[in-house]
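Residues 0 to 156, numbered by numbering that gives the first Met the number 0, are exactly what the sequence shown covers, in order.
Even glycine gets a Cβ: it sits at the ideal position worked out from N, Cα and C.
All remarks here apply to the structure that follows.
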Amino acid sequence: MDGIVLLREDHKAVEKLFKEFERAGDDAQERKRKIVDEVIRELTAHAWIEEQVFYPAARKAAPDTKDHVLESVEEHHAVLWMLSELAGLDPADERFDAKMTVLTENVRHHVEEEERDWFPEVRKAMGRKQLVALGERMAEERHNAPEGPLEVPSADA
Ligand SMILES: [Fe+2]
Ligand SMILES: [Fe+2]
């Protein structure tokens with residue numbers, strides 16, 4: 000699969016989880032815990048494959064995206080720390096929903112910038128064949144993704 004299509008599919012899957020969370024009732028704590036755990040898994044793996052494979056390849060193919068890539072890494076940093084906090088927070092805690100709302104806002108902003116502001120430049124610079132090869136590498140790399148959000152390199156930077 001084309002690497003950018005793969006990343007967009009991930010974005011869609013996470014957006015679906017955000018919507019599910021938003022629809023869950025105030026007292027659906029068990030359900031919310033499950034959704035948030037899935038968000039943590041999905042986003043940790045997604046940030047991992049972007050940082051290990053896509054971002055470096057994008058910078059190489061389209062050097063003008065450098066600032067976008069650097070900003071994206073900083074956004075990952077904030078998101079990964081929020082995920083690590085959500086992992087240890089009781090859904091009954093009054094801060095749980097608030098933290099999830101801020102995480103959702105951050106991720107939506109980040110995804111919009113990736114898809115609108117700089118992925119198109121990368122697509123143009125790479126072309127179809129290179130994008131498919133990159134998609135294969137990312138699908139492989141997903142198996143190496145860590146469980147803990149803080150093990151993704153940008154969390155530490
Ligand atoms: Fe990203
Ligand atoms: Fe992304």
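Thinking residue i and residue j are a contact (beta carbons under 8 Å), I'd like their distance in whole angstroms, please.
| i | j | result |
| --- | --- | --- |
| E37 | V72 | Going by Cβ atoms, the distance from E37 to V72 rounds to 24 Å, so no, they are not a contact pair. |
| W80 | V151 | Not quite, the Cβ-Cβ distance comes to about 10 Å (not below 8 Å), so this is no contact. |
| H76 | S153 | 5 Å |
| A144 | A44 | 4 Å |
| A61 | A124 | 4 Å |
| D63 | E146 | That belief does not hold up - the Cβ atoms of D63 and E146 are roughly 35 Å apart, past 8 Å. |
Does the beta-carbon distance from residue i to residue j come in below 9 Å?
| i | j | result |
| --- | --- | --- |
| I39 | A97 | no |
| E41 | D9 | yes |
| V52 | G2 | yes |
| V157 | V13 | With the chain covering 0 to 156 only, the question about residue 157 has no answer from this structure. |
From this set, the options, which residue's C-alpha is nearest residue i's C-alpha?
| i | options | result |
| --- | --- | --- |
| F95 | F17, P148 and K31 | K31 |
| L82 | I34, M0 and G134 | I34 |
Taking only the alpha-carbon atoms, compute the straight-line gap between residue i and residue j and give it to the nearest angstrom.
| i | j | result |
| --- | --- | --- |
| H108 | F17 | 13 Å |
| E19 | K65 | 34 Å |
| R122 | P148 | 28 Å |
| D26 | E140 | 37 Å |
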